[in-house]
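Student: All residue numbers for the sequence shown refer to the numbering used here, where the first residue is 1 and numbers rise by one.
Cβ atoms here follow ideal geometry from the backbone N, Cα and C, with glycine treated the same way.
There's a structure below that I have some questions on.
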Amino acid sequence: MADEQQPKKAGALGDLVKAESMIQLALVLPIGCVLGWLIGHALDEHFHLGDVCGIIGIVMGAIGGFIQIFRTAQKYLKGK
């Protein structure tokens, strides 16, 4: 009976991995946008373009974040 009450280690570890992936999903979009903006801002400063590269960097970071979110969601929807 004692064995039945204890959670399986593999199941608990699997739940931790899923939780880590969900935290990663929550962070990937804002981090992508901030990194894109920082790179774009640096390019703007270097080439004196105003805010064009910063805006493009934010959009590219958001696109990259969404791609990562969709890939991770597909992985968990397939059951891997």
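Near Lys18, what residues of its chain come up, given a Cβ to Cβ distance below 6 Å and the 5 sequence neighbours on each side ignored?
Tutor: Translated into positions along the sequence shown, residue 18 becomes position 18. Here the set comprises nothing.
Student: Go through its chain and collect everything with a Cβ distance to Gln68's Cβ below 7 Å, but skip five positions before and after it.
Tutor: As a position in the sequence shown, residue 68 is number 68, starting the count at 1. Around Gln68: Val28.
Student: Tell me which same chain residues have a C-beta within less than 7 Å of the C-beta of Leu25, skipping the five on either side of it?
Tutor: Position 25 of the sequence shown, counted from the start, is the residue given in the question as residue 25. Excluding sequence neighbours, Leu25 sits near Ile69, Thr72.
Student: Taking all protein chains shown into account, do 16 or more other C-beta atoms lie within 10 angstroms of the C-beta of Ile58, making it buried, or fewer, making it exposed?
Tutor: Position 58 of the sequence shown, counted from the first residue, corresponds to residue 58. That one is buried.
Student: From which residue to which residue does the alpha helix (DSSP H) around Gly57 run?
Tutor: Walking along the sequence shown from the start, residue 57 turns up at place 57. Counting along the chain, the alpha helix (DSSP H) containing Gly57 begins and ends at 52-78.
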